[in-house]
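Taking it in order: structure first as C-alpha cells, then the write-up.
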Amino acid sequence: MSDSGETVVVAVRVRPFNDREKERNATLIVNMPDGKSTSISDPNAPNEEPKWFTFDYSYWSHDGFKTEKNGYLTAASHSNYADQKNVFENLGKGVLDNAWNGYNCSLFAYGQTGSGKSYSIVGNKKNKGIIPLVCEELFNRIESTKSKDVEFQVSISMLEIYCERVRDLLSSKAPPKGGLKVREHPKQGFYVEDLTTTPVNSYKEIEKKVNEGTKNRTIAATNMNATSSRAHTIVKILFIQKIPKPGGGTTTKSSEINLVDLAGSERQKDAGSEGDRLKEGIVINKSLSTLGRVIKALHEQQSAKKKTSVQVPYRDSVLTSLLKNALGGNSKTIMIAAISPADINYEESLSTLRFADRVKSIKTKAVVNETATERMIRELKEENARLQELIRRGGVNGSTVNNEEMDNLKRQLEENQKEMENLEQTWQQRLAEERKKRDSVSEDKSEIDKKKKDLPHLWNLNEDPALTDMIVHFVAQGENVVGNGNVTTPQILLKGMSIQPEHACITNKDNKTIIIIPYSGAEILVNGNPINQATELQQNDRILFGGNHLYVFTNPKKKGAKTSEQITYDLAQKEIAKTHGISAVGDGKRSTADLILEEDLIKILPNVHRANSMAKELKKPVKFEIILNAPEARGLSEGLTEIFIKVYNTAEDTTFMWDKNRFTNRYYGMQEMYQNYVDGDSEYNLPPERDPFYEPPDSSIILGHASMFLQSLAYMVEAEEQLSIVDFNGMDLGQLSVSLVPCSSSGKEIMGEYLETPDELLNKNLGIKVKILAAMGLPRRIDKSWCTYRFFTQEEASTNKQSGHNPNYSHENVITFKPVTKELIAYLTNGVLTFTIWATQKIKEGRPVGAAGIAAVNKTRKSSQPPSSTSNSQEQPIKRPSKKKKPKTSDTNGSEPSSLKPKRKSVKGKKRTNSVPKSPKK
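Numbering (this note's numbering), first residue to last: 85 to 1006.
This is the structure we're talking about:
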C-alpha cells in the first residue's frame, strides 16, 4: 500500500474507579507512565509481564485531581491528571484547525458501557466534553475573525442509530416506519435522506439544539424500551466559509465535523448460548460488530507491503456506511478509547486497547473542500438537467432502467435541487426561517430550569447519566392525570410499556402536600415498594411508573432536594431489587461474591420486568422469573450462586431455564421485535423458529443433578446408590440408580480386593465401570431423558435417550487409567461425580403445539386483558431454593454436606456407611 495519507490519531483515557468498583475493592491494573504508553496487567496471572501499547496520547484521568469551587475537576499539584481542557487542547483544537482549513474531520469515542466515553465526548455541566467545547471555540473563532467580506455558516444535525434504524434527533415529526433511509450519492458518498440540518448563529443556539436532541433521545429510549448503551449518536456540524475572490465571485470552503459517541463495546457472551437456536440470528449490535470487521480489514489492507484485495465491508451496517469517509476516505480522523482501571473489567479493557491498536494503523486521505460557488451552482444545474433527461427518456442510451434505479435518479435530482436552493438562498434568510420555527416551539431548557426552582416536579433517571434529568414533568396545583394519551390527553404524558390510558393521579395541594393515587391495575413503585392506595410523596422519592419510566420527585418549596449526582439510577434499582428479596444477599458484611451477585441482579432485574411487559403487549404466552441457583442445586459442593431465568410457556405448559447470557441475547431479539411492533410493521410477529420469546418443547433442558461420592473407589470398593435428582430449586424430582465398580482395563469387575490405603493404587493400571441403570419417578411432563457426566479429566459421556418417567438407561462405560496418578487418587478420595439429567418435554394434553398454540392463545387473549397479578412481575419476589428441600450444610465435625451424601446400600452382604471403609483382614 502507498504511504500517502495520514494515520488516524488515537488516544486512550482511563477514568477513576466508579462506585461499583469501589464496593468490590477493585484493584488498579492500568498504568500510563509517560503520556503515550499504556500497560494493562492480567489479574489472573500476577507473575506475567503487563501488556504494553503505544498511542498518540495516553490520558491518565484515574486520580491526582482536585475539585475547584465551580465543580471543575483539575490536576492537583505534581499530578499527571488529564482534565477535560487538556483533552480538548490535544484533540478538539486539532478538529477545529482542520475544519477551519476546509478538511472534513471525525472524532469518535469507543469503549465498554460505563468506561467514560460520554464523559470525554459530552461531559457534564461543570466539566464540558469535546462536543460542547468544539462548538464553543468554533463560534469564538468566528467572532474574533469576523469581517464584512467573509461569511461563516454553521449548521448542525444529530442522529441516533439503534437496531440499524436511523432516528433524526432534531425533528419534531414522528419517525418514519423503519427509520430514515441511508442513501449513496455518486460523488458525496453515503448520507441520511431527509435528515434535519439546522442553521445556528451562536454557541447558545447550538447548545440548545444538542440539548433538544439529547432530550428526544431520552424520550425515545424510554418510550421504545430501548437500551441507550446500545445506541450510536452522531452530531454533525457543517461549517462553511464563503470567501470573496479578488476577481469577483466567491469561493466556498466547507468542512463536515462528525462527533461520534459509539455504543458500548462489550462483547456478546457465548457462555450459556450453546445450543440456542437463535444465537446466530440475534446480533446485539450489528453496527458495532461490523465496525470491528471494517477496522480489521483496513488494518490488514494497510499493513500489507503490497496492495491487497481485502474487501472492506462498509455497506454491511448503517454505522460503517456513514463513517466510510472517516475510516478510509476524505477525513482527518481521531479516536478516543475509554477504559476502566479495574481488574474486574480486564477482558473488556484489553479488547478496547487491542481495537485502538489496530485503528492507529489506518490511513485516510483528506483533501481541502474548496470550490468556486458559481461553479458549484453551474455544475448542479448541469447535473440536474442530465438527470431530468434520463428520467424523461427512461434510461441511458436507449436502455431502460428498473423502478429502483428510476427512484434513485429521482432522489438524486431532489437532493441536488435542495443543495442548489441552499446555495442560492442567503444565509440570513435561512437563519430567519429557523428563528420563526424556534419561536413557535415550546419553552427551552433555560426556561424549564427557572420553573424547576419554583414548582414541584418529576425529573427522569436513566442508566446513561447523559440522559438523566433530561425530561421534566411539572405537577401543577390540582389534579394531574398520568397516562399514555390513548383515550384522553393527560397532564403528564408517559408513553411505552405497561402505562395505562389513566395510570395515576397526582394531586397538588398548595404546592405543599403532593399525593399520588394509582388507578386500578397500574404498576407504580415508590422507593422500590409497590403502592395501591393514596400515598403522599416526600422530597427525593423515586417513582417507577410501569416498567420503564423512572422519576425523582422534587418540591423546591421544601428543604433537602438532592441532585442527579446524589440520586442515581443504580440507587433506585437497588431499592427495587430489595423488594424482590435481594437485600437478603450478603446481609451484614458482604463478600466479593455477594457484591458480584447483587450487581448482576440489579442489571438483569429491569430487563426481566421489561421482557414480561413486552410479552404482555405482544400477546406472547410467556412469563419470565429470576431464580437464584445455589451451587448445591447444580450438583456442586461449593461455588457461586448463579442467576437463571425461569421461562414458563403458559400455552404449552413447558418450563425452561435460561442462564443470564442466553436471556440477555434473547432480550435483544425481544427489543428488536418490540421496536418493529411499535413502528407498525405488520410482519413484526416472527415464526416460532425465529421468535426470541419462544422455546420449542423439544429443546434440551437440565432437569436436575445427582451427585455421588467416589471415596469407596479409592479403596477398590464398589458403590451402588439410589441418588436423589435435585432441581434448580433444591427439590427432589426422582431417583437415579447408579453403580461404580472397579474393574480391569478389559472391563472385568474386581470384587473383594480391598486396599488398606488409596496410595497402593499409585502407578498401577485401573479401570472403573460406570453403570447408570435407570431413573425413577421423573415428572410426567418429561418426554425423553438422558444423563451426562465427566469422570476426572475424561471426555463427557452420555447415556442414550429414553422415553417415559421411569426410563431404563442400561448404560455401561469402562474408563481406564494407565497408570493411576496422585491427582487421580486425590480425586477418588475427595471428589464427587455429578450426573446431569437432561430432558425434553411433552405438550400438556389438550394444548395446541408450536405456532398453532401461540396463535390460539393470542386469539383468546385479544378480547381480554390478562389479570394484573400475572402481569405485574415487579411484585413477584426472586425465587430461591426451597428451604424444605435445601441441601443441609456440613456438620460441626466437618463431614460432607448431607445433601450430597449418597444413600449407601449393602453390596454383597457388606454394610456401607458414610465413613471410609476399613480394609478387611487378610
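Virtual Cβ for every residue (Gly too), placed ideally from N, Cα, C. All of these numbers come straight from a predicted model, not from anything done at the bench.
At a cut-off of 3 residues, the continuous stretches assigned as beta strand (DSSP E) that sit fully inside the region 203-262 are 235-246 and 249-252. Around the beta carbon of N849, fewer than 16 other beta carbons sit within 10 angstroms, so the residue counts as exposed. Contact between the region 239-257 and the region 281-297 is present: 3 or more CB-CB pairs across the two stretches fall below 8 Å. If you compare the alpha carbons of A803, L679 and A550 with that of N211, the shortest gap goes to A550. The beta carbons of M741 and V916 sit about 22 Å from each other, so the pair does not count as a contact at 8 Å.
With distances taken between CA atoms, G753 lies nearest to P776 out of P776, K855, V443 and N769. Going by C-alpha positions, S339 is about 11 Å away from A450. In the assembly as shown, P602 is a buried residue. Its beta-carbon has 16 or more other beta-carbons within 10 Å. Per the coordinates, the alpha-carbon of Y156 lies some 39 Å from the alpha-carbon of S401. For D181, the enclosing alpha helix (DSSP H) covers residues K177 to W184.
CA-to-CA, the gap between K643 and P781 works out to about 58 Å. Here R495 is not bridged, per DSSP, to any residue.
Boundaries of the alpha helix (DSSP H) around V692: T676 to E701. Per DSSP, T311 lies in no beta strand (DSSP E) segment and is marked neither H nor E. Each of L681, M581 and F812 was checked against the Cα of T739, and the nearest Cα belongs to F812. By the 16-neighbour rule on beta-carbons within 10 angstroms, S869 is buried.
Using a Cβ distance threshold of 9 Å, G612 and K662 count as a contacting pair. Counting only runs that start and end inside the region 821-906, the beta strand (DSSP E) elements of at least 3 residues fall at 850-860, 866-873 and 892-901. Rounded to the nearest angstrom, the gap between the Cα atoms of T335 and S373 is 41 Å. Counting along the chain, the unbroken alpha helix (DSSP H) around V378 starts and ends at K370 to S387. The residues V559, N564 and I600, in chain order, have a CB closer than 6 Å to that of I590 in the same chain once the five nearest residues on each side in sequence are set aside. With respect to F137, L346 sits apart: the two C-beta atoms are not nearer than 9 Å.
Straight-line spacing of the CA atoms in C827 and G851 works out to 5 Å. Excluding residues up to 5 positions away in sequence, P705 lie with their Cβ nearer than 6 Å to the Cβ of T734 in the same chain.
In terms of CA proximity to W922, G788 leads the group K520, G788, E277 and I318. With fewer than 16 other Cβ atoms inside 10 Å of its own Cβ, N154 counts as exposed. Going by DSSP, Q168 is part of the alpha helix (DSSP H) stretching over Q168 to V171.
Closest option to R225, judged by alpha-carbon separation, among H316, S313, F323 and E248: F323. Taken in chain order, the unbroken stretches of beta strand (DSSP E) that lie wholly in the region 550-593 and span 3 residues or more are 556-558, 562-567 and 588-593.
For K707, the CB contacts under 6 Å within the same chain, skipping 5 residues up- and downstream, are Y732 in chain order. Following the DSSP letters along the chain, one finds I627 inside the beta strand (DSSP E) bounded by residues R626 to F629. One Cα belongs to S675, the other to G198, and the distance between them is close to 23 Å.
When secondary structure is reduced to three states using DSSP, A656 falls in the helix class. With a 10 Å radius around the Cβ and a threshold of 16 neighbouring Cβ atoms, K520 comes out exposed. As computed with DSSP, Q806 is found in a beta bridge with S821.
The way I'd put it, the region 861-875 does touch the region 889-907; three or more beta-carbon pairs between them come closer than 8 Å.
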